[in-house]
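Protein chains in written order, with numbering that gives the first Met the number 0: chain A, 0 to 234; chain B, 0 to 234.
See structure below.
Protein chains: 2
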Amino acid sequence: MNSPDLSAQIAKSIREAIVSGELSVDERLPSEAELSEQFEVGRTTVREALKRLAAQNLIRTQRGAFGGAFVNKQSFEDAQAAHITTSTLLLSMNDVSFDTAWEARFALECACAPLSCERRTADHLATMRAEIHRQGQPGLTDEAFCASDVSFHRALVDGAANPVLSYQLAGAVEAIEPLMNMITFTARSREAITDLHTRIADGLEAQSPNTVDMALRELEDYTRGLARAVISARA
Amino acid sequence: MNSPDLSAQIAKSIREAIVSGELSVDERLPSEAELSEQFEVGRTTVREALKRLAAQNLIRTQRGAFGGAFVNKQSFEDAQAAHITTSTLLLSMNDVSFDTAWEARFALECACAPLSCERRTADHLATMRAEIHRQGQPGLTDEAFCASDVSFHRALVDGAANPVLSYQLAGAVEAIEPLMNMITFTARSREAITDLHTRIADGLEAQSPNTVDMALRELEDYTRGLARAVISARA
DNA sequence: GAGAATTCATTTGTCAGACATTTAAAAGTC
DNA sequence: GACTTTTAAATGTCTGACAAATGAATTCTC
């Protein structure tokens, strides 16, 4: 805390104004020149502060007369993308064990399964069936299989029709993919997984939370077993 | 997409190198002068790019000889703080209904209740009991009551001893606080809530997932009722 | 020779000034 | 009135300069 950069201090000051609601969505900030007078720093410093805020999606800038920096409305879409990136990095940089990440993912997924049973649309079911079909294709690489797996589970989560849930879970579901990519899937294990996926989709179609829950738990155990085999084979 | 700022492009380029693992943790980036040569832009532009990355916690900078910009290790602690800020803003800026946020929060909390039953330590239980005690104090403001409620539920989540879960759920649990602050709690409703909190803590202590689950669901229904009353009273 | 003090080179942080570019409003033109 | 041109304001970029920090190398002291 000796000397946090001026640009960081200014960014913090403006950020707090936005978070507290003092500045509201689409409101225009003072121009760079005005800010540099207010804070008594050079324009360079103000600009670096604004870039920091822009990187956090808090503001957007527009050039030209009557342009400037405006408070951004946070969209679930953008926030989700950033959330996924961060989650992925967190997992890869903190050598989180496969088990830990896996447990978190399935716990969360089980939480939204009942809601998804209630609200899933034909669209969600169609996406799941399509991914199941893809997963059965011969010649699919392991990476593509994992990506399809993620899409399948994303459809399940989105079926709950709760944007807050989708946002929070996207991080847990997508960040798993790099960890999954370590696993080599045999034809037999792929079949076992797609069978369970089919049972999950059937359960959602029949709106039977118990069926979905049981299949999810079986899937969790099964894939965890696969991962353990890979890990012990390496040691 | 006409002309994304140069500094944004450069930031993107470096960000991709970090995310892909091309640059690893604690690795030093080239100096600003070198980067400005590599990318054929001025140092100002490079600096703005680096500030963007710093705002995302991807790098840190150090002054002096042998200083420079270094790839940051993502810590759960920092990521969680950023996640909470974003979640809070998302909820306040997108007029997410109380019901939607509430549903997401309880679904997620129910998901980690069984794990918390297994693993909660004496510390977690003590935190919960302390918060329950605080919630019973007369003269507590509604804001303080809400804050204590958040702490109680955070302890429950942390009891699952899964950092990935804690990270993901922190957003859902903490972001609720501003929404809760709209509610006025009568002495009777406070009592009802702390009673349910006590049942939850008892269930965790007895390691009885069913008790916890039932109490959580009752709590969800009860507080949702309170919120609905507030909302209809306003209309 | 060992340790302390100093110097030095490198790098980030900040500033001022300049110019380019973009943009919408205002003024001019027919 | 519709179209074009001008203009003012704002961000984007570059250059050059200096301040401040910092670790390494050097010099000095004993």
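Glycine included, C-beta positions come from ideal geometry on N, C-alpha and C.
- Within the stretch 68-105 of chain A, the runs of alpha helix (DSSP H) at least 4 residues long that lie entirely inside it are, in chain order, 75-92.
- Residues 202 of the same chain have their beta carbon placed closer than 8 angstroms to that of residue 209 of chain B, with the five preceding and five following residues left out of the count.
- Exclusion of the five residues before and after residue 83 of chain A leaves 169, 170, 173 and 174 as the residues of its chain whose Cβ lies within less than 7 angstroms of its Cβ.
- Cβ-Cβ distances below 7 angstroms link residue 211 of chain A to 112, 116, 199, 202 and 203 in the same chain, with the five nearest sequence neighbours on each side left out; the list follows chain order.
- Note that the C-beta distance between residue 45 of chain A and residue 108 of chain A is not below 9 angstroms.
- Unbroken alpha helix (DSSP H) runs of no fewer than 4 residues, entirely contained in the stretch 143-192 of chain B, are found at 162-173 and 176-179, following chain order.
- For residue 226 of chain A against residue 114 of chain B, the beta-carbon gap comes to about 19 angstroms, at or over 8 angstroms, which does not count as contact.
- Between residue 101 of chain A and the set A:178, A:17, A:3 and A:12, the nearest pair of CA atoms involves A:178.
- Residue environment: residue 234 of chain A is assigned as exposed (fewer than 16 neighbouring CB atoms within 10 Å of its CB, all protein chains considered).
- Across the set A:41, A:43 and A:11, the C-alpha of A:11 shows the shortest separation from the C-alpha of residue 54 of chain B.
- Where residue 60 of chain A is concerned, the enclosing beta strand (DSSP E) starts and stops at 58-61.
- A Cβ of chain A is located within less than 9 angstroms of the beta carbon of residue 17 of chain B.
- Counting C-beta pairs with one atom in each stretch, the stretch 118-125 of chain B and the stretch 76-91 of chain B have fewer than three that are closer than 8 angstroms, which means they do not touch.
- Shown here is that no member of the stretch 56-68 of chain B has a Cβ falling below 7 angstroms from a Cβ of chain A.
- Among the residues of the stretch 96-111 of chain B, those with a Cβ less than 7 angstroms away from any Cβ of chain A are 99, 100, 102, 103, 106, 107, 109, 110 and 111, in the order of the chain.
- Look at the beta carbons and you see the stretch 87-100 of chain B touching the stretch 15-30 of chain A: at least three pairs across the two are nearer than 8 angstroms.
- Of the residues A:217, A:180 and A:206, the one whose Cα lies closest to the Cα of residue 193 of chain A is A:217.
- Short of 8 angstroms from the beta carbon of residue 41 of chain B, and not among the five residues preceding or following it, lie these beta carbons of its own chain, in chain order: 35.
- For residue 138 of chain A, no CB of chain B lies under 9 angstroms from its own CB, so it is not counted at the interface with that chain.
- Around residue 211 of chain B, no beta-carbon contact reaches into chain A at under 8 angstroms, the shortest distance being about 14 angstroms.
- Taking CB atoms only, residue 91 of chain A has a neighbour in chain B less than 9 angstroms away.
- Burial check for residue 196 of chain B: the Cβ neighbour count within 10 Å reaches 16 or more, so the residue is buried.
- Just measuring C-alpha positions, the residue of B:205, B:231 and B:191 sitting nearest residue 219 of chain B is B:191.
- The beta carbon of residue 145 of chain A is closer than 6 angstroms to those of 176, 179 and 180 in its chain, skipping five residues each way along the sequence.
- Taking a beta-carbon distance threshold of 9 angstroms, residue 120 of chain A does not count as an interface residue toward chain B.
- For residue 11 of chain A, none of the residues of chain B pass the 8 angstroms Cβ criterion, the least Cβ distance being about 10 angstroms.
- Between residue 81 of chain B and residue 85 of chain A, the CB-CB gap stays under 9 angstroms.
- Taken atom to atom, the span from the alpha-carbon of residue 48 of chain A to that of residue 4 of chain A is near 10 angstroms.
- Bridge pairing for residue 128 of chain B: absent [DSSP].
- Chain-order list of chain A residues neighbouring residue 41 of chain B: empty, with the shortest C-beta distance near 11 angstroms, by a criterion of under 8 angstroms.
- The bridge partners DSSP lists for residue 27 of chain A are A:69.
- When the Cα atoms are used, residue 205 of chain B and residue 147 of chain B turn out to be separated by approximately 23 angstroms.
- DSSP, read as helix, strand or coil, puts residue 20 of chain B in coil.
- Straight-line spacing of the CA atoms in residue 132 of chain A and residue 30 of chain B works out to 50 angstroms.
- Between residue 69 of chain A and residue 26 of chain A a beta carbon distance of about 7 angstroms is seen, short of the 8 angstroms cut, so the two are scored as contacting.
- Here residue 14 of chain A has 52 and 57 as same chain residues with Cβ atoms under 7 angstroms from its own Cβ, once five neighbours each way along the sequence are excluded.
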